[in-house]
Every structure is written in C-alpha cells, then in structure tokens.
Amino acid sequence: MLAETTFFTENDGEPVAIENPRGRGEVLLVCEHASRRLPKRYGTLGLSEDALSSHIAWDPGALAVARLMSQKLDATLIYQRFSRLVYDCNRPPESPAAIRDVSEVFRIPGNENLSEAEKSLRTTSLYLPFQGAIRDEIVARRARGLQTVLVTVHSFTRVYFGQERAVEIGILHDTDSRLADRMLQATAGTHPYRLERNEPYGPADGVTHTLELHALPAGLLNVMIEVRNDLIADEAGQGAAADFLSKLLTESIGPLTKNNKNGG
35 MLAETTFFTE NDGEPVAIEN PRGRGEVLLV CEHASRRLPK RYGTLGLSED
85 ALSSHIAWDP GALAVARLMS QKLDATLIYQ RFSRLVYDCN RPPESPAAIR
135 DVSEVFRIPG NENLSEAEKS LRTTSLYLPF QGAIRDEIVA RRARGLQTVL
185 VTVHSFTRVY FGQERAVEIG ILHDTDSRLA DRMLQATAGT HPYRLERNEP
235 YGPADGVTHT LELHALPAGL LNVMIEVRND LIADEAGQGA AADFLSKLLT
285 ESIGPLTKNN KNGG
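Sequential numbering of the sequence shown, starting at 35, is according to the numbering used here.
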C-alpha cells in the first residue's frame, strides 16, 4: 500500500526502500540522498537535466557504495527513493535546508514560494516515512537481540562554490565521537585515502540530523561517512571504497561493542 495515495502515483512506488532486512550484522546503513528521482507530481521542478543529474539532486555513488557495504557487513540498508530536491530527509521540518529554493548556483523554481500546506505534505509523505522506517528498524533489531551501530553514507562534490576540496573521505560525528575516534585512529598510518574529521561538513552545518534523531538519544554507536564523489564514479572506485570502509568499520566497532551496553 502506498504511503500517501494523494502524493505518489502507482509508478512512483514507496518513498523508502529497505534492503537485506534480515541482516544480522551490527551495522545499520542509511543513505538519505540515494536517488535523484522526482515524484511524478513535481515534473522537473523547473530544472534542466544537467541540474537534475548533479550533486544538488542526490549523492552520486553513495547508494552503490552502501549496497556493497551491506553485502560485506550483512547490514540492513535503508534509503530514500526520491531526490532531496523535494525534501532532504537528513534535515528536520523546521530547517530551511529541508526544502531549498536555491542549491549552490541553481535556482529551484518548483520550490519557490511554497505554502505551509505544501511543505507539510512533503514532510508527511517523504520525511516521516523515512525516519519512521529507521526508528522501526532499530526497535525490531533490539527485539531480535541485535546490537545497532548507525552508519549513514553520503558523497560530496570535489569542487563546491568554486573551491577545490582536498579531503577524500570525511568521518563525521556529533557529540558522540566514539566510533569516529576509533576509525580515525585506525587510519593514522598508511591508507589509500585522505581522511579528515568533520569535513567537508560538520554538526554546525546541520548534517548530523539522522544521527541526532536516532543514535544519540539511545546511546548507539554512530558515524556519518562522506566520500568524494569523483572517487566513486565507477564500479572500481565504488568497490574500493566499500571494501576500505567495511574493513575500517569492522576493525573499529569490535573493541567498542564488546563493552557497549546500549548497542541493542
């Protein structure tokens, strides 16, 4: 049954996808910006195909990497099936960034001068089902006796507002840095990527909403991973990143979950 029959068409389908729902790994993967699809009711939002293919619409490569990590970690994966241009599910409804009318250099005509009713409809149809699916999955895992480590997977563009970014993988955290600390310690020596803490974004940019909503109140280990999208533009790059991140997570989580009483 469709989540909101007045919002989605039959061809649109559900707003949220869950893959490997019976995964028994400790990690629960989330990909908020997995897709560039738009619900039929919004057409193109007045944007060109170039804009709709760009990073303003989604995180290129992020879903592919998350799917490979799901296989390697036997992790359940939850992802949003529609573009953040309609609603950014990593932002709360009160945030101006939840529905942008300008993204980097692009005006988004279909998001200009929205009524409160339209904003509410998007929140109800996209944000609430997505975050509800994460909440329900954590509850279900606890009932199955599984620990949960919440890991969100994103990608970012190499050049932003004309500025080149040197960081290749960002390890992001909010007030709970336990897992991020371990991951950064584990990569202090030789490794194939340039990693940095809370880059190219951090909590002050409002990017840790999903972690704040689900992991921090429950004391769950958590981290947000950002991969520069030029490094995961093809299958070889996606595979290399997924392999590296899966191993890094496994090595970093182990010592923490042994004594973590809140992980399940």
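Cβ atoms here follow ideal geometry from the backbone N, Cα and C, with glycine treated the same way.
Using C-beta distances below 7 Å, list every residue in its chain close to residue i, excluding the 5 sequence neighbours before and after it, in chain order.
| i | result |
| --- | --- |
| residue 195 | 138 |
| residue 146 | 135 |
| residue 125 | 131, 132, 240 and 243 |
| residue 290 | 212, 213, 216 and 255 |
| residue 156 | 120, 121 and 133 |
| residue 285 | 220 |
| residue 73 | 41, 42, 46, 116 and 120 |
| residue 102 | 272, 273 and 276 |
| residue 71 | 115, 116 and 117 |
| residue 246 | 208 |
With residue i and residue j assumed to form a contact (beta carbons below 8 Å), what rounded beta-carbon distance in angstroms separates them?
| i | j | result |
| --- | --- | --- |
| residue 144 | residue 79 | 3 Å |
| residue 206 | residue 260 | 6 Å |
| residue 104 | residue 53 | 6 Å |
| residue 161 | residue 127 | 6 Å |
| residue 299 | residue 169 | A question about residue 299 goes unanswered here, because the residues of the chain that appear run from 35 up to 298. |
| residue 262 | residue 192 | 6 Å |
| residue 111 | residue 180 | About 15 Å; that fails the 8 Å criterion. |
Please classify residue i: does DSSP put it in a helix, a strand, or coil?
| i | result |
| --- | --- |
| residue 42 | coil |
| residue 52 | strand |
| residue 152 | helix |
| residue 90 | coil |
| residue 137 | strand |
| residue 71 | coil |
| residue 81 | coil |
| residue 62 | strand |
| residue 256 | strand |
Between which residues of its own chain and residue i is the CB-CB distance below 8 Å, once the five residues before and five after are set aside?
| i | result |
| --- | --- |
| residue 287 | 60, 61, 183, 213, 216 and 255 |
| residue 250 | 208, 209, 210 and 256 |
| residue 266 | 94, 95, 96, 98, 99, 189, 272 and 275 |
| residue 228 | 200, 201, 202 and 203 |
| residue 234 | 190, 194, 199, 201, 204 and 260 |
Taking 6 Å as the limit between beta carbons, can you name the residues of its chain near residue i, skipping five residues before and five after?
| i | result |
| --- | --- |
| residue 232 | 206 |
| residue 252 | none |
| residue 58 | 108 |
| residue 123 | 66, 114, 161 and 164 |
| residue 140 | 85 and 90 |
| residue 174 | none |
| residue 237 | 208 |
Assess contact between the segment 169–186 and the segment 74–86, defined as three or more Cβ pairs (one per stretch) separated by less than 8 Å. Is contact present?
no
Curious, which full-length alpha helix (DSSP H) runs of at least 4 residues does the segment 157–236 contain?
162–177 and 212–220
Run through the segment 92–126 for me and flag every whole beta strand (DSSP E) of 3 or more residues, listed as ranges in chain order.
110–114
Contact between the segment 94–101 and the segment 265–274 (3+ Cβ pairs under 8 Å)
yes
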